Structures are given as C-alpha cells and as structure tokens.
Amino acid sequence: MQPTLEDGNKLVVNKIGYQIGELNHFDVIVFHANENEDYVKRVIGLPGDKIEFIDDQLYINGEQHPEPYLDAFRQGNGDERLTGDFTLEELTGQPVVPEGMVFVLGDNRKQSLDSRIFGFVDQDTVVGKVNLRYWPLNEMEVKFYE
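Residue numbering for the sequence shown follows the UniProt record's numbering, beginning at 1 and increasing consecutively.
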C-alpha cells in the first residue's frame, strides 16, 4: 500500500463500524488473505461494478475516477504507467464484480499482490476499514482518500 501506508505503520481498524455499515469505493480495508495473513488494500470495485484501466486511468461503470492517492508514485515515475491496461473480464472472466465480493488494488501498483493476481475478495473475509494511522506520530492521518 505504499506510499499511502508503509511497513511498520500502526493502524486503527474499525471492525464495529464495518459490521453495521458498508464498504465504499476507495476504502482502505483489512481482510484475511489466508489462515496466516491479513492484507491491507484499497477497494476499487463493488458488486455490480464494471472495472477498466485505460491509459493508466480508472473507469468504474464507464466513468473516469481520479486516484489522487497515487500522485506520489506518479511524480517519481515520469510517464511510466503504474497500472497496466485491463478490463475486469480480461482478468477474471467476469464482466462485473460478483455479489458478495470486492475488487481490491494496492497503491503500490507495480509490486502489489492484489485482485489482479488472486481475484475477487469475499466480503466475509473483510476484518474492517482502516480509519487511522497513528504511528509514526508525524504521519498520523485519518483520511486516505477524499
């Protein structure tokens, strides 16, 4: 999830709020990747969404969505693309995100192990939303997307 989150950051994960609320586009979530590991990723696609990346731009249901949380990476990469072109159907064989699932990406797109590799994430495996980074103190942050 670099540059948004770094190894060693300490986070507050809202488990209760997630249980009574719902996931939204661009939420940063924690989910059980397997029996031994939890992953932190950003929700890009919700059930029923058609996802495409064209010329390094995100399209959800045909509408372009900016990704300001990637600006730090874009500044360091010049004209190099962070996210290769793809459609959800090319990656998963599904035209839209299935019910009960989400499509997630890491902010470090070039090195992230995310839904492009392992497919959809079952919403039942979601532990909660990341609400606060509290360590290191000089990087304390509440919002991860506007």
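We put the beta carbon where it would ideally sit given N, CA and C, even for glycine.
Here the structure is a predicted model, which is why all the values come from computation and not from measurement.
First and last residue of the alpha helix (DSSP H) that includes residue i?
i, result
"Arg109", "Run containing Arg109: none; DSSP gives neither H nor E here."
"Glu90", "Leu88 to Thr92"
Per DSSP, which residues does residue i bridge with? Please list them.
i, result
"Lys41", "Ile29"
"Glu52", "Tyr59 and Thr87"
"Asp122", "Met101"
"Gln75", "Note: Gln75 sits in no beta bridge, so no partner."
With 16 other CB atoms within 10 Å as the buried threshold, where does residue i fall?
i, result
"Ile44", "buried"
"Ile29", "buried"
"Lys110", "exposed"
"Ile51", "buried"
"Lys129", "buried"
"Phe118", "exposed"
"Glu67", "buried"
"Leu5", "Note that Leu5 has pLDDT 47, beneath the 50 cutoff, so the model's placement of it is unreliable and no number is given."
"Asp27", "buried"
"Glu89", "exposed"
Thinking residue i and residue j are a contact (beta carbons under 8 Å), I'd like their distance in whole angstroms, please.
i, j, result
"Tyr59", "Asp107", "That pair is no contact at about 18 Å."
"Val127", "Asp38", "6 Å"
"Phe103", "Ser112", "That pair is no contact at about 13 Å."
"Leu91", "Asp56", "About 16 Å separates the two Cβ atoms, so there is no contact after all."
"Asn61", "Asp49", "6 Å"
"Gly84", "Phe53", "7 Å"
"Glu32", "Thr125", "The sequence shown places His at residue 32, rather than the Glu named in the question. Rounded, the Cβ-Cβ distance is 4 Å, consistent with contact."
"Gln123", "Gly93", "That belief does not hold up - the Cβ atoms of Gln123 and Gly93 are roughly 20 Å apart, past 8 Å."
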